[in-house]
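**Q** Numbering (UniProt numbering), first residue to last: 1 to 131.
Sharing a structure, written as structure tokens. Questions coming.
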């Protein structure tokens, strides 16, 4: 088991990141809600009489599948954002979940949801590609 160190980041930097993460969280939640509203198959006004012809139904199905995939990506990003906010509160933000080494501040600025250092992220990506 990897022992988690406390965050080496300065409070001012953490506050800036927290503001960004909170803004991202709000935006992601709104985007997820908007996608749910756009899904043609989830429209509550749709009745048996309004079921479209086959071609239109097929098009709506494809649109619904695209929306579901996009929503899945946004939900994963929201989950990572919430995890990062939790780590800030716990004092472990900026520490790699895999090796417990500090995550480079430039990486966190570029991707505040980063939970792994670049070395671990690269290693994990290579392992996934070879699997």
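No residue lacks a Cβ here, since even glycine has one placed at the ideal position from N, Cα and C.
Assign residue 112 to one of three DSSP states: helix, strand, or coil.
**A** Locating residue 112 in the chain shown gives position 112, counting from the first residue. Reduced to three states, the DSSP call for residue 112 is coil.
**Q** Give the straight-line distance between the Cα atoms of residue 76 and residue 69, rounded to the nearest whole angstrom.
**A** Taking the chain shown and counting its residues from 1, the one referred to as residue 76 is at position 76. Taking the chain shown and counting its residues from 1, the one referred to as residue 69 is at position 69. Roughly 11 Å between the two C-alpha positions.
**Q** For residue 102, does the three-state DSSP call read helix, strand or coil?
**A** The residue labelled residue 102 in the question sits at position 102 within the chain shown. Residue state, collapsed to three classes: strand.
**Q** Which residues in the same chain as residue 115 place their Cβ atom closer than 6 Å to its Cβ, once the five residues preceding and following it in sequence are excluded?
**A** Numbered from 1 along the chain shown, position 115 holds the residue referred to as residue 115. Here the set comprises 97.
**Q** Which residues does DSSP pair with residue 95 in a beta bridge?
**A** In the chain shown, residue 95 corresponds to position 95, counting from 1. Residue 95 pairs with 102.
**Q** Residue range of the alpha helix (DSSP H) that residue 131 falls in?
**A** For the purposes of this step, residue 131 is taken as the residue at position 131 of the chain shown. Run containing residue 131: none; DSSP gives neither H nor E here.
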